[in-house]
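Numbering (our numbering), first residue to last: 7 to 360. Positions of the beta carbon are idealized from the N, C-alpha and C atoms, including for glycine.
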């Protein structure tokens with residue numbers, strides 16, 4: 007199934023409305039999920055809505071929830087009340103940016119949000135407002151990632167994001183990655199499409215590396231591996247402590263919840279002009295980025311890119327050409343629609359016409 011930005015939003019919005027979201031929330035959620043697809047991250051795009059529907063039915067996703075916020079100077083504490091992450095995250099980051107504009111910095115803890123989606127979106131939101139941001143994410147979910155030297159899952163994928171603004175009209179510099187070798191969603195896409203998982207992504211129940219994507223979803227369960235061995239493992243532990251224990255009061259065995267997708271996030275948002283005049287910072291940062299991009303490419307590669315540039319390239323391409331959903335992923339959405347009272351013909355009409 008080939009979708010455009012408009013048709014993807016229409017499909018996602020129809021499903022979110024059927025789940026019980028009001029019009030504003032359904033629009034925000036559909037736009038956020040579609041932006042993940044446009045950015046090239048289909049693992050966090052509208053294909054996740056079948057999981058969202060199950061969670062809404064189980065009461066784990068609370069649609070139209072209002073966040074609760076408490077501010078103490080530059081500190082902001084937010085309870086997302088299990089609300090839709092695309093809306094809760096947007097509102098939380100807007101509040102953090104408002105405080106950073108007044109105070110110079112905001113350290114914000116967001117607890118108890120339903121799945122926050124692609125974390126890079128929050129770095130982009132802050133960067134677009136002119137702020138540098140750092141985000142550590144934990145999850146109340148089933149463990150998916152084995153510790154370094156381990157063969158059984160003890161951690162979640164615990165993403166990290168850093169966003170750095172640019173003032174020349176180019177996309178911001180964005181570092182956004184799971185601390186596992188590959189995000190669980192990438193392995194899920196392979197599983198749904200009947201394809202092998204990427205090399206080095208996971209191990210089986212005996213700790214032997216495998217490309218069998220089913221080992222993450224069917225018994226005997228294996229585990230994702232940490233990225234870069236002990237380095238990714240250490241970073242994942244810090245996410246568990248900062249994004250879990252500190253931001254959400256949940257880490258380790260206490261946050262085991264196999265059927266949930268609740269995220270907690272600690273965000274540090276600050277005004278770079280408090281450290282360096284904008285024109286000086288722009289000159290320094292653009293000089294660095296230009297110098298890096300002038301590096302002669304390695305054999306088989308076109309060119310060196312800046313962090314976040316692959317997403318910007320994908321967004322331009324997919325805005326122009328649309329993007330493809332696998333047959334398996336589309337069938338899951340059709341089945342979800344049928345369960346929600348949205349017929350396959352209606353869903354296909356949205357996909358055809360927007």
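For residue 14, no beta strand (DSSP E) segment is defined; the enclosing uninterrupted segment is the alpha helix (DSSP H) at 11–25. The C-beta separation of residue 101 from residue 82 comes to about 6 Å, placing the pair in contact by the 8 Å criterion. Contact annotation: residue 151 and residue 186 have beta-carbon atoms nearer than 7 Å. Using a 10 angstroms sphere on the CB of residue 216, the tally of other CB atoms reaches 16 or more, which defines it as buried.
Ranking 228, 176, 225, 206 by CA distance to the CA of residue 316 puts 176 first. If the five residues before and after residue 26 are omitted, its C-beta is found closer than 6 Å to the C-beta atoms of 69, all from its own chain and listed in chain order. Secondary-structure assignment with DSSP links residue 236 through no beta bridge to anything. Remark: C-beta atoms of residue 142 and residue 230 do not approach each other more closely than 7 Å. If you check the CB distance, residue 190 and residue 124 do not come in under 7 Å. As the crow flies, the alpha-carbon of residue 346 is around 12 Å from that of residue 352. Rounded to whole angstroms, the Cβ separation of residue 140 and residue 171 is 13 Å, and the two are not in contact under 8 Å. At the C-beta level, residue 135 and residue 103 come within 7 Å of one another. DSSP places residue 74 inside the beta strand (DSSP E), whose first and last residues are 74–78.
Counting along the chain, no beta strand (DSSP E) covers residue 349, and no H or E run does either. Cβ-Cβ distances below 6 Å link residue 256 to 146, 250 in the same chain, with the five nearest sequence neighbours on each side left out; the list follows chain order. Distance between residue 154 and residue 356, taken at the CA atoms: about 45 Å.
According to the DSSP assignment, residue 181 belongs to the beta strand (DSSP E) that extends over 179–183. The residue among 49, 21, 31 with its C-alpha nearest the C-alpha of residue 330 is 49. Using a Cβ distance threshold of 7 Å, residue 95 and residue 179 do not count as a contacting pair. In the three-state scheme derived from DSSP, where H, G and I count as helix and E and B as strand, residue 271 is classed as strand.
A residue is called buried when at least 16 other Cβ atoms come within 10 angstroms of its Cβ; residue 277 meets this threshold and is buried. In the DSSP assignment, residue 112 falls within the beta strand (DSSP E) that extends over 111–120.
For residue 129 against residue 168, the beta-carbon gap comes to about 6 Å, under 8 Å, which counts as contact. Under the DSSP assignment, residue 168 falls in the beta strand (DSSP E) whose first and last residues are 166–170.
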